[in-house]
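Protein chains in written order, with this note's numbering: chain U, 1 to 96; chain W, 101 to 196. Have a look at the structure below, then the notes.
2 protein chains.
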Amino acid sequence: MRQSDLDELRGRVNELNIKVLDLINERTTVVQEIGKVKEKQGVNRYDPIREREMLNSLKENNNGPLSNGVLEQIFKGIFMSGLEIQEDEQRNALLV
Amino acid sequence: MRQSDLDELRGRVNELNIKVLDLINERTTVVQEIGKVKEKQGVNRYDPIREREMLNSLKENNNGPLSNGVLEQIFKGIFMSGLEIQEDEQRNALLV
């Protein structure tokens, strides 16, 4: 394999990075909407049971090569990000 | 907003979860190919400069609502996963 092939593979990784980022941003937007509904309902936004269900569903749909352990690590980070953004918004709302 | 709307939003999150997972798996496959090339070339697979370049590019392409700080956290986890899988493969190869 030549350097040009390596460059092509790297180009594909760059494209996939951006696609993953766009989807995580889309996901975060939907999670923000859910957060607003829950806030109106006076329900706690952090829902460990729902989180566990999502992880189980992801593991069932995991075709690899990612191991389920690494999958769990990555998605816990993604789940956390939705909550962090909601907390920031709430903090900012309190400061206004 | 009614419960059915909340269910719909959750359904969208579930779909996005699977899409993100599939893309991360696709990305990991390409990273594995890159790892094999680098191994043949006798080059170290972990490349902090390339990692930094990828993060900078992602931040430039980040349309939010994800903050760049959270973006960096999530993607460092994703980058790490590629390396972990390669190390596992190498370890398994040594055990054979």
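Note that beta-carbon positions come from the ideal geometry of N, C-alpha and C, so glycine has one too.
Q: Please decide whether R12/U counts as near chain W, where near means a Cβ-Cβ distance under 8 Å.
A: Locating residue 12/U in the first sequence gives position 12, counting from the first residue. For R12/U, the answer is yes, since a Cβ of chain W falls inside 8 Å of its Cβ.
Q. So, does the CB of L83/U fall closer than 8 Å to a CB anywhere in chain W?
A. Taking the first residue of the first sequence as 1, we reach residue 83/U at position 83. Not closer than 8 Å to any Cβ of chain W, the Cβ of L83/U fails to qualify, so no.
(Q) Applying the 10 Å Cβ sphere with the 16-neighbour rule, what's the burial state of R27/U? (A) Along the first sequence, read from residue 1 onward, the residue named residue 27/U stands at position 27. Its Cβ being crowded by 16 or more others within 10 Å, R27/U is buried.
**Q.** CA nearest to the CA of V43/U, picked from S181/W, L106/W and N192/W
**A.** To locate residue 43/U, count along the first sequence from 1; it is residue 43. Ranking S181/W, L106/W and N192/W by Cα distance to V43/U puts L106/W first.
(Q) Rounding to the nearest angstrom, what Cα-Cα distance links V137/W and G35/U in this structure? (A) For the purposes of this step, residue 137/W is taken as the residue at position 37 of the second sequence. For the purposes of this step, residue 35/U is taken as the residue at position 35 of the first sequence. Their backbone Cα atoms lie some 45 Å apart in a straight line.
Q: Assign I178/W to buried or exposed, taking buried as 16 or more other Cβ atoms, counted over all protein chains shown, within 10 Å of its Cβ.
A: If you number the second sequence from 1, residue 178/W lands on position 78. The residue is buried, with at least 16 neighbouring Cβ atoms inside 10 Å.
Q: Over the uninterrupted alpha helix (DSSP H) stretch that includes R152/W, give me the two end residues.
A: Working through the second sequence from its first residue, we reach residue 152/W at position 52. Segment P148 to E160, the alpha helix (DSSP H) holding R152/W.
Q) Apart from the five residues on each side of it in sequence, which residues of its chain come closer than 7 Å, Cβ to Cβ, to E151/W? A) Position 51 of the second sequence, counted from the first residue, corresponds to residue 151/W. Answer for E151/W: F179, listed in chain order.
Q) Using the beta-carbon of each residue, which ones in chain W are nearer than 8 Å to N25/U? A) Reading the first sequence from its first residue, position 25 is the one you call residue 25/U. The answer, in chain order, is N162, N163, G164, P165 and L166.
Q. Does any C-beta atom of chain W lie closer than 8 Å to the C-beta of N17/U?
A. If you number the first sequence from 1, residue 17/U lands on position 17. So yes, N17/U belongs to the interface.
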